[in-house]
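Report on one structure; see the data block that follows.
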Amino acid sequence: MLTDLELPKVMTPHATLTEDFPVPVVTSEIDKGATISSDGDSKPSRRLNVPALEPHHHVGACTRLRSMLANSDQLIVCPGVYDGLSARIALDVGFDALYMTGAGTTASRLGQVDLGIAQLADMRAHAEMIANLDESIPLIADMDTGFGGPLLIDRAVKEYSRAGVAAFHIEDQLLAKRCGHLARKDVVEIEEYLVRIRAAKQAKEKIASDIVIIGRTDALQKHSYDEAIKRLRAAREAGADVGQLEGATSKEMARQAVKDLAPMPLLLNMVEHGATPIITTKEAKDMGYRVMIFSFACLGPAFVAIRETLQKLKHEGVTGIPEDVKPKTILDVCGLQEAQELDREAGGCMRPA
Numbered sequence: 001m002l003t004d005l006e007l008p009k010v011m012t013p014h015a016t017l018t019e020d021f022p023v024p025v026v027t028s029e030i031d032k033g034a035t036i037s038s039d040g041d042s043k044p045s046r047r048l049n050v051p052a053l054e055p056h057h058h059v060g061a062c063t064r065l066r067s068m069l070a071n072s073d074q075l076i077v078c079p080g081v082y083d084g085l086s087a088r089i090a091l092d093v094g095f096d097a098l099y100m101t102g103a104g105t106t107a108s109r110l111g112q113v114d115l116g117i118a119q120l121a122d123m124r125a126h127a128e129m130i131a132n133l134d135e136s137i138p139l140i141a142d143m144d145t146g147f148g149g150p151l152l153i154d155r156a157v158k159e160y161s162r163a164g165v166a167a168f169h170i171e172d173q174l175l176a177k178r179c180g181h182l183a184r185k186d187v188v189e190i191e192e193y194l195v196r197i198r199a200a201k202q203a204k205e206k207i208a209s210d211i212v213i214i215g216r217t218d219a220l221q222k223h224s225y226d227e228a229i230k231r232l233r234a235a236r237e238a239g240a241d242v243g244q245l246e247g248a249t250s251k252e253m254a255r256q257a258v259k260d261l262a263p264m265p266l267l268l269n270m271v272e273h274g275a276t277p278i279i280t281t282k283e284a285k286d287m288g289y290r291v292m293i294f295s296f297a298c299l300g301p302a303f304v305a306i307r308e309t310l311q312k313l314k315h316e317g318v319t320g321i322p323e324d325v326k327p328k329t330i331l332d333v334c335g336l337q338e339a340q341e342l343d344r345e346a347g348g349c350m351r352p353a
């Protein structure tokens with residue numbers, strides 16, 4: 001039963017609730033009625049009673065994520081992807097959900113450090129590209145602090161939702177934020193944090209979106225554990241669907257957070273060699289976590305592999321790329337076969353590769 005997640009009060013016109021499946025399900029029926037109205041001497045205008053429809057993939061991704069969250073026996077494991085290729089590889093391996101890392105997006109898209117440099121336009125465009133590689137796979141995306149006050153948060157939520165993002169986390173750091181696993185983070189007062197959560201909830205309700213709001217707190221580094229838990233409880237009351245205690249410093253703390261915040265679903269961010277000790281997916285599931293993201297799962301190995309290959313090229317004159325990694329190997333992962341099939345069905349002239 002979907003008891004821990006609050007469904008939006010306003011659903012999409014083509015989403016309904018059923019007793020057997022208590023999350024929005026897509027229907028194909030729309031109101032095709034139309035009326036003709038005239039105001040005074042003005043010319044008659046045709047007023048169609050056809051609701052504005054959100055993209056099918058958006059509703060499907062959000063619905064699927066909420067359904068997964070409703071299954072208390074499932075831990076949603078999301079590899080952190082940072083560009084189109086890493087996302088394609090994660091999809092090829094078979095993950096049921098993805099996470100778009102803010103640090104990885106800033107590094108790959110801008111070549112910059114995660115210090116609040118990436119703005120809404122950067123993050124939304126990146127998220128839209130990744131979310132639409134496979135419209136049925138939910139994408140959880142980093143929204144940093146919401147990029148500003150309530151007006152900018154309102155815009156960010158709407159743009160993320162229309163881009164196909166299934167969920168986002170929004171945090172309580174200052175606007176001059178930094179990577180969650182760097183030292184000397186600072187956070188806003190709790191009321192300002194709750195303004196962000198409320199603004200996000202209002203925004204999604206305005207557009208009848210079912211996007212999942214993840215309230216994240218970085219207060220643990222500067223304040224006490226009790227203060228961090230207090231913030232997440234308040235975030236839940238303000239409209240957050242899921243909570244995220246960033247930077248738990250021990251397994252015991254991570255486990256206790258689940259107990260203290262129950263029945264609120266929690267997300268665990270596993271950044272290897274960061275503030276949190278290594279916690280396996282099995283351990284996280286046993287602790288009671290519902291979502292687990294691995295922010296550096298792709299970025300870290302890519303950094304090592306690219307650096308080693310380029311050092312080999314510089315010093316030895318060869319790359320040393322394995323023989324089984326051919327150009328077509330990568331192109332196949334990026335959808336070569338699907339592209340050829342689409343061309344063939346349309347009567348195109350693309351020759352098989």
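Here the sequence shown is numbered in full-length UniProt numbering, starting from 1 and rising by one per residue. For glycine and all other residues, C-beta sits at the position ideal for the given N, C-alpha and C.
Residue burial classification, residue i (beta-carbon count within 10 angstroms, cutoff 16)
i: arginine 231; result: buried
i: residue 390; result: The structure shown does not extend to residue 390, since the chain spans only 1 to 353, so no value can be given for it.
i: arginine 290; result: buried
i: alanine 87; result: buried
i: histidine 126; result: buried
i: glycine 347; result: exposed
i: leucine 139; result: buried
i: glycine 239; result: buried
i: phenylalanine 303; result: exposed
i: residue 419; result: The shown model of the chain, from 1 to 353, leaves out residue 419, and the question about it has no answer.
i: threonine 63; result: buried
i: alanine 297; result: buried
i: leucine 175; result: exposed
i: aspartate 142; result: buried
i: valine 318; result: exposed
i: threonine 329; result: exposed
i: glycine 320; result: exposed
i: aspartate 66; result: For clarity, residue 66 is arginine in the given sequence; the question names aspartate instead. Buried is the call here.
i: proline 327; result: exposed
i: threonine 280; result: exposed
Where residue i sits in the DSSP three-state scheme
i: threonine 106; result: helix
i: valine 187; result: strand
i: glycine 84; result: helix
i: glycine 215; result: strand
i: tyrosine 225; result: helix
i: arginine 346; result: Note that residue 346 is alanine in the sequence shown here, rather than arginine. Of the three classes helix, strand and coil, the one that applies to alanine 346 here is coil, per DSSP.
i: phenylalanine 95; result: coil
i: isoleucine 293; result: strand
i: glutamine 75; result: Residue 75 is actually leucine in this sequence, not glutamine. Here leucine 75 sits in coil by DSSP.
i: isoleucine 137; result: coil
i: leucine 336; result: helix
Rounded distance between the beta-carbons of residue j and residue i, thought under 8 Å
i: aspartate 186; j: glutamine 173; result: 7 Å
i: glycine 215; j: isoleucine 170; result: 7 Å
i: alanine 131; j: alanine 163; result: 6 Å
i: tyrosine 99; j: arginine 124; result: Actually they are not in contact, since the Cβ atoms of tyrosine 99 and arginine 124 sit about 16 Å apart, beyond 8 Å.
i: proline 322; j: leucine 69; result: 39 Å between Cβ atoms; not a contact.
i: lysine 204; j: isoleucine 211; result: 5 Å
i: alanine 248; j: alanine 254; result: 4 Å
i: methionine 129; j: glycine 84; result: 6 Å
i: glycine 300; j: valine 258; result: Not a contact, Cβ separation roughly 26 Å.
i: aspartate 134; j: glycine 102; result: In fact, because the Cβ distance is near 21 Å, the residues do not count as touching under 8 Å.
i: leucine 331; j: methionine 292; result: Actually they are not in contact, since the Cβ atoms of leucine 331 and methionine 292 sit about 31 Å apart, beyond 8 Å.
i: leucine 220; j: glutamate 246; result: 7 Å
i: valine 333; j: serine 295; result: With a Cβ gap of about 22 Å, valine 333 and serine 295 do not count as contacting.
Check: residue i C-beta below 8 Å from any heavy atom of the ligand GTP
i: histidine 126; result: The ligand GTP is absent from the structure shown, which contains no ligand whatsoever.
Whole runs of the alpha helix (DSSP H) within the region 143–174, excluding any shorter than 4 residues: 150–163
Which residue spans inside the region 234–286 form an unbroken alpha helix (DSSP H) run of at least 4? 251–261
Is the region 310–327 in contact with the region 88–98, if contact means three or more CB pairs nearer than 8 Å? no
Pairing CB atoms from the region 108–117 with CB atoms from the region 63–76, are three or more of them under 8 Å? no
Please confirm if the region 214–233 is in contact with the region 188–196, defined as three or more CB-CB distances below 8 Å between the two stretches. yes
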